[in-house]
Amino acid sequence: MEEKNRVIFVLLDGLNYKNSEYMGYMIALEREGKAKFLKVLSEMPSLSKPLYETLLTGKKPIEHGVLNNGTPIMSKEKNIFSLCREAGLVTGVSGYYWLSELYNSIPFNKIKDTTTNDENKNIQHGRFYTLDHYPDEVVFIDGEYIREKYNPDFLMIHSMNIDDAGHKFGSDSKEYRYSVRVADNLLSTFIPKWIEEGYIIIVTSDHGMSVDGMHSGKDKLEAEVPLWVINDKKDLQLGEEIEQIYVTSIITSILGIGTDEMKKRAETFYRGY
Numbered sequence: 029m030e031e032k033n034r035v036i037f038v039l040l041d042g043l044n045y046k047n048s049e050y051m052g053y054m055i056a057l058e059r060e061g062k063a064k065f066l067k068v069l070s071e072m073p074s075l076s077k078p079l080y081e082t083l084l085t086g087k088k089p090i091e092h093g094v095l096n097n098g099t100p101i102m103s104k105e106k107n108i109f110s111l112c113r114e115a116g117l118v119t120g121v122s123g124y125y126w127l128s129e130l131y132n133s134i135p136f137n138k139i140k141d142t143t144t145n146d147e148n149k150n151i152q153h154g155r156f157y158t159l160d161h162y163p164d165e166v167v168f169i170d171g172e173y174i175r176e177k178y179n180p181d182f183l184m185i186h187s188m189n190i191d192d193a194g195h196k197f198g199s200d201s202k203e204y205r206y207s208v209r210v211a212d213n214l215l216s217t218f219i220p221k222w223i224e225e226g227y228i229i230i231v232t233s234d235h236g237m238s239v240d241g242m243h244s245g246k247d248k249l250e251a252e253v254p255l256w257v258i259n260d261k262k263d264l265q266l267g268e269e270i271e272q273i274y275v276t277s278i279i280t281s282i283l284g285i286g287t288d289e290m291k292k293r294a295e296t297f298y299r300g301y
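Residue numbering for the sequence shown follows my numbering, beginning at 29 and increasing consecutively.
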């Protein structure tokens with residue numbers, strides 16, 4: 029039986045590919061051969077909630093039906109959290125409350141749902157926030173608490189400060205670049221320990237950010253995002269650029285789960301899967 033690996037999935041909301049050049053620690057991992065780095069093409073529309081669903085289901089927004097950020101809606105698709113539950117794996121999230129609404133319950137109740145510990149839910153252990161300026165440092169600390177306390181097989185850490193700075197000041201601003209550098213510093217704090225603990229780490233973004241502080245279309249600044257795969261134990265065969273729907277299959281293949289469609293996609297980049 030194939031060994032089940034553990035994955036930490038870090039989603040840096042609003043980070044475009046261009047500004048990943050300011051992430052010195054992540055660049056160092058790539059240069060030393062400790063991370064695979066490539067470009068991801070976001071699906072359309074390049075909006076947050078539709079692309080959370082895309083990253084976690086492998087479906088395009090036009091297929092899964094989550095088409096904007098406005099209406100509270102639960103996922104109708106097989107997703108990484110539900111597949112983990114079916115396989116008896118433990119899930120955890122430190123992230124924005126839209127993830128709770130997509131995969132646990134709607135509407136989000138700030139009192140009851142901010143902290144979640146329920147083995148019957150798709151996201152079994154969660155710490156959710158509702159403010160876009162909620163500090164990234166706290167998001168990572170909350171995620172690390174979940175990791176140490178509950179030992180999840182799949183942990184998602186989703187931070188919003190890059191996106192928040194982008195909307196306020198645009199992507200060609202010192203505030204946006206500062207938020208990118210802060211995220212890189214946080215990754216340099218936690219990733220070495222995660223590697224030591226044997227986790228495979230995936231770091232990416234949902235969408236980018238334009239100079240005018242918006243995103244939704246296909247402009248490169250809005251639709252091109254970075255992806256790093258760290259401490260991978262398989263023979264990952266990827267080019268320099270992939271569609272966003274393939275990110276799901278990278279994660280599910282590492283975990284040893286997935287729908288037939290996810291597994292078929294994984295065959296294109298993992299030898300012997």
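In this text, a Cβ means the ideal position worked out from N, Cα and C, and glycines have one as well.
All of these numbers come straight from a predicted model, not from anything done at the bench.
Assign residue i to one of two classes, buried (16 or more other C-beta atoms within 10 Å of its C-beta) or exposed (fewer than that).
i: Ile273; result: buried
i: Val166; result: exposed
i: Ile285; result: buried
i: Thr296; result: exposed
i: Asn259; result: buried
i: Leu214; result: buried
i: Asp240; result: exposed
i: Ile230; result: buried
i: Lys246; result: exposed
i: Glu225; result: exposed
i: Asn179; result: exposed
Taking C-beta to C-beta, are residue i and residue j nearer than 8 Å?
i: Asp191; j: Gly93; result: no
i: Glu269; j: Leu117; result: no
i: Lys104; j: Leu283; result: no
i: Met237; j: Tyr204; result: yes
i: Ser244; j: Pro89; result: no
i: Ser48; j: Pro220; result: no
i: Leu110; j: Asn148; result: It should be pointed out that residue 110 corresponds to Ser in this sequence rather than to Leu. Cβ atoms of Ser110 and Asn148: not closer than 8 Å.
i: His235; j: Leu79; result: yes
Quick check on residue i: does DSSP put it in helix, strand or coil?
i: Glu295; result: coil
i: Ala115; result: coil
i: Arg34; result: coil
i: Pro14; result: Within the shown structure, residues of the chain are numbered from 29 to 301, placing residue 14 beyond reach of any answer.
i: Pro89; result: helix
i: Lys106; result: coil
i: Ile101; result: coil
i: Pro78; result: helix
i: Val239; result: coil
i: Lys140; result: helix
i: Leu43; result: coil
i: Gly286; result: coil
i: Thr158; result: coil
i: Tyr124; result: strand
Can you tell which of the options has its C-alpha closest to the C-alpha of residue i?
i: Lys261; options: Ser281, Glu252 and Pro180; result: Ser281
i: Tyr157; options: Asn179, Asn148, Asn189 and Arg175; result: Asn189
i: Asp160; options: Asp240, Val231 and Gly123; result: Gly123
i: Ser277; options: Arg293, Leu266, Gln265 and Leu264; result: Arg293
i: Asn97; options: Leu127, Gly154, Lys106 and Lys87; result: Leu127
i: Ser3; options: Gly267, Glu289, Trp256 and Glu250; result: Any question about residue 3 goes unanswered here, given that the chain covers just 29 to 301.
i: Ser133; options: Pro100, Ile185, Ile108 and Lys46; result: Pro100
i: Ser302; options: Val68, Lys138, Ile139 and Thr232; result: Because residue 302 is not part of the residues shown, which for the chain are 29 to 301, the question remains open.
i: Phe218; options: Ile139, Arg175, Met290 and Leu264; result: Arg175
Would you please verify whether the beta carbon of residue i is less than 8 Å from any beta carbon of chain B?
i: Leu66; result: Annotation note: the requested chain B is absent from the structure, which comprises a single protein chain.
Alpha helix (DSSP H) segments (min. 4 residues) lying fully within the stretch 181 to 217: 189 to 197
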